[in-house]
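Trainee: Counting along the sequence shown from 1, when you hit position 260 you're at 260 in this note's numbering, and nothing is skipped either side.
Backbone N, C-alpha and C fix where the C-beta goes; we use that ideal spot for every residue, glycine too.
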Amino acid sequence: MSRLVYLGFAICCVVVASALWTKIPSKTTVSDIDILEQTSNFVLVRHQEETGKMYRSFFDDFSEPQFRNWFGEDRWTTIDTLSPASPSLEAYVSLRRKIFSGESDFLDNRIESANGIAKFTAVAPTESMVTSKSMLENNRLWFVEGDDLWFRGRYKLQSGVPFTIADFQERGRFNSPGPRITIWDQKYLGYELKSGWKPKLRQSNVEVPIGEWFFLTVHLVLDHKNGQVQIWQNDQLLIDEEIATLPASDSLLNALEVGITATDHAAEVWIDEVQISHEPIEVKTIPTTQTE
Numbered sequence: 001m002s003r004l005v006y007l008g009f010a011i012c013c014v015v016v017a018s019a020l021w022t023k024i025p026s027k028t029t030v031s032d033i034d035i036l037e038q039t040s041n042f043v044l045v046r047h048q049e050e051t052g053k054m055y056r057s058f059f060d061d062f063s064e065p066q067f068r069n070w071f072g073e074d075r076w077t078t079i080d081t082l083s084p085a086s087p088s089l090e091a092y093v094s095l096r097r098k099i100f101s102g103e104s105d106f107l108d109n110r111i112e113s114a115n116g117i118a119k120f121t122a123v124a125p126t127e128s129m130v131t132s133k134s135m136l137e138n139n140r141l142w143f144v145e146g147d148d149l150w151f152r153g154r155y156k157l158q159s160g161v162p163f164t165i166a167d168f169q170e171r172g173r174f175n176s177p178g179p180r181i182t183i184w185d186q187k188y189l190g191y192e193l194k195s196g197w198k199p200k201l202r203q204s205n206v207e208v209p210i211g212e213w214f215f216l217t218v219h220l221v222l223d224h225k226n227g228q229v230q231i232w233q234n235d236q237l238l239i240d241e242e243i244a245t246l247p248a249s250d251s252l253l254n255a256l257e258v259g260i261t262a263t264d265h266a267a268e269v270w271i272d273e274v275q276i277s278h279e280p281i282e283v284k285t286i287p288t289t290q291t292e
C-alpha cells in the first residue's frame, strides 16, 4: 500500500507546488525521476506526468513575522507536530490542515514566530507513542550520492534537550530514512543514519550549551558506504569521520527537518539562520556577548 506523504503547500520531489496533500509510491528514487534541466539553483525534474523544481540550496532567517508566510514554492513546505493531542498520522495531518486554513490553533506542541526566530515547543510523548515532534520541513531539495551537503543553523536549547534537532530525509523511501543530528545522553552532539543498522557517531568531549545560542554546522559527503561526516559546535570541530551517509546508492535526500525532530520529554528550542547548500557554508561561532 502506498504511504501517505504529507507535503504542506508544496511537492515532495515530483508533484506540482499547488498540490496540498498527495500520495506517492513508498519507493521513489533517483532512478525513477527524469532530470530535465540543472542549474546552480535548482534541478527541474519529471516524475510520471508531473514536473517541478528541486532546489540545491535554501536559507531562512525567520525575519517574516507571520508564521503562515514562511511557506511557499521555494520556502518551507510543511510542519509536523506529532504529540499527545495529535498522536497519529491522521490526527496531525488533520490538525495541520486546520492550522493552515485558520480553523485551529496549535494544541500542545507549537511552532511560533518570536522576534525574528522560530520557536519550537514540544510536550513529552505518552507511553503509547514513540516520540514527540515540533518541526518545520522543506521537502523540495536535491541531494544525491556524490554530493556535498552543508547545513548551518543557530540554535538555543531553551529548556529540555531533544534527541534530534536536524534531519536530512529521503521522503520517497519507506519510513523516510536519512542522516540526522543527534544529542546523545542529552549532552553531546552526534550523528546517526536512520537506516538499516543505524550507524552512529558519538563524542563526549564537548557538551552542548543549555540556554545559550550556538551555531551547529554540518558537512556530509553523501555516499551509501564511504561517506564523510563533519560536525562543528560553533567553530569547534567535534566529529570528522568516514561512515555511510545515505540509505542507498539511488537515494534522494529531498527533505530538511529542523526544530524538535524527535524527543521523549518536554523541550523548547529556538532556531534562526537556517541554511542548507551544496556549496561550503562558513563555520561560525557566537560572540560571547550574544550567547543569551
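1. Tell me whether the beta-carbon of Gly153 lies closer than 8 angstroms to the beta-carbon of Asp167.
2. Rounded to the nearest angstrom, what separates Trp232 and Lys133 at their Cα positions?
3. Check whether the stretch 107 to 126 and the stretch 261 to 280 touch, using three or more Cβ-Cβ pairs below 8 angstroms as the test.
4. Confirm, please, whether the CB-CB distance from Pro65 to Ser113 is below 8 angstroms.
5. Check each candidate in Gln186, Asn41, Thr29, Val45 and name the one with the smallest Cα separation from Ile35.
6. Enumerate, from N- to C-terminal direction, the unbroken beta strand (DSSP E) stretches of 3 or more residues contained entirely within the stretch 127 to 173.
7. Give me the Cβ distance between Glu170 and Pro287, rounded to the nearest whole Å; I'm assuming they're in contact under 8 angstroms.
8. Specify, as a first and last residue, the run of the alpha helix (DSSP H) that Ile99 falls within.
9. Specify, as a first and last residue, the run of the beta strand (DSSP E) that Asp80 falls within.
10. In the DSSP assignment, the beta strand (DSSP E) including His278 goes from what residue to what residue?
11. Buried or exposed: where does Val229 fall if 16 or more other Cβ atoms within 10 Å of its Cβ makes it buried?
12. Thinking Leu201 and Ile239 are a contact (beta carbons under 8 angstroms), I'd like their distance in whole angstroms, please.
13. Check the C-beta distance from Asp74 over to Tyr55 and give it rounded, since I have them as a contact under 8 angstroms.
14. Have a look at Asn139, Ile183, Leu107, Thr81 and flag the residue whose alpha-carbon is nearest the alpha-carbon of Glu207.
15. Have a look at the DSSP bridge pairing and note the partners of Gly190.
16. With a Cβ-Cβ cutoff of 8 angstroms, do Ala255 and Pro162 count as a contact?
17. Helix, strand or coil: how does DSSP classify Leu62 here?
18. Rounded to the nearest angstrom, what separates Thr217 and Val283 at their Cα positions?
19. According to the Cβ coordinates, are Asp61 and Glu257 closer than 8 angstroms?
20. Nearest by alpha-carbon distance to Leu253: which of Glu127, Glu137, Gln38 is it?
21. Among the residues of its own chain, which have a CB less than 7 angstroms from the CB of Gln186, if the five just before and after it don't count?
22. Which runs of the beta strand (DSSP E), 3 residues or longer, sit entirely within the stretch 27 to 62?
Mentor: In short:
1. no
2. 24 angstroms
3. yes
4. yes
5. Val45
6. 132 to 138, 148 to 159, 164 to 169
7. About 37 angstroms separates the two Cβ atoms, so there is no contact after all.
8. 89 to 101
9. 78 to 80
10. Where His278 is concerned, there is no enclosing beta strand (DSSP E), given that its DSSP letter is neither H nor E.
11. buried
12. 5 angstroms
13. 6 angstroms
14. Ile183
15. Thr182
16. no
17. Note on residue identity: the sequence assigns Phe, not Leu, to residue 62. The answer is coil: DSSP assigns Phe62 none of H, G, I, E or B.
18. 6 angstroms
19. no
20. Glu137
21. Val161
22. 34 to 38, 42 to 47, 50 to 55, 57 to 60
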